[in-house]
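Before any comments, here is the structure.
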Amino acid sequence: MARILAIDYGKKRTGLAVTDMLQIVPGALDTVDTKQLMSFLNDYIGREEVERIIIGEPVQPNGMPSENLQRVRQFEALWRKAHPEIPIEGWDERFTSVMAHRTMLDAGLRKKARQDKALVDRISATIILQDYLRSKI
192 MARILAIDYG KKRTGLAVTD MLQIVPGALD TVDTKQLMSF LNDYIGREEV ERIIIGEPVQ
252 PNGMPSENLQ RVRQFEALWR KAHPEIPIEG WDERFTSVMA HRTMLDAGLR KKARQDKALV
312 DRISATIILQ DYLRSKI
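Have a look at this one:
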């Protein structure tokens, strides 16, 4: 089996998470500058086998698209053109940032650690991936 990779796409930073080879356990991978995302992913898929990419699609609590959704859709189109062999699938990411902060609180992280936006992005990507994996059970 190959890994499944999740993306929490942001205007400045993007959080990444990935499964183990058996697609059972999701874990945080990295946070990268969004401008470097395609380069990072090209390098990663050169080293690791990735079956599918799940990308968080930001929508507001009322279901309306957020301002970042257009950027996410542009990245999806760019990915599909560059890598048609690895499907990319949008996933509702509502409340993942809130859940990431809750996870950090529950883990007992101090305030300074909870203010680390890169950590929040990685945790959010991991939550997106967990949600996706749960839906496949």
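Just so we're aligned, residue 192 is where the sequence shown starts under our numbering, counting upward by one.
All residues carry an ideal CB built from backbone N, CA and C; glycine is no exception.
Check: Which same chain residues, not among the five before or five after residue 221, have their C-beta less than 6 Å away from its C-beta?; Outcome: 207
Check: Of the residues 242, 255, 328 and 252, which one's Cα is nearest the Cα of residue 197?; Outcome: 242
Check: Taking the CB atoms as reference points, tell me whether residue 276 and residue 246 lie closer together than 8 Å.; Outcome: no
Check: Put residue 194 into one of helix, strand or coil per three-state DSSP.; Outcome: strand
Check: Which stretch, first to last residue, makes up the alpha helix (DSSP H) that contains residue 317?; Outcome: 308–326
Check: In angstroms with no decimal places, state the Cα-to-Cα distance between residue 250 and residue 199.; Outcome: 13 Å
Check: Applying the criterion that 16 or more other CB atoms from any shown protein chain within 10 Å of the CB defines a buried residue, is residue 215 buried or exposed?; Outcome: exposed
Check: Would you report the Cα separation of residue 226 and residue 236, rounded to the nearest angstrom?; Outcome: 17 Å
Check: Considering residue 243, what are the terminal residues of the beta strand (DSSP E) in which it resides?; Outcome: 241–248
Check: Excluding the 5 residues flanking residue 313 on each side, which residues of the same chain have their C-beta closer than 6 Å to its C-beta?; Outcome: 206, 219 and 222
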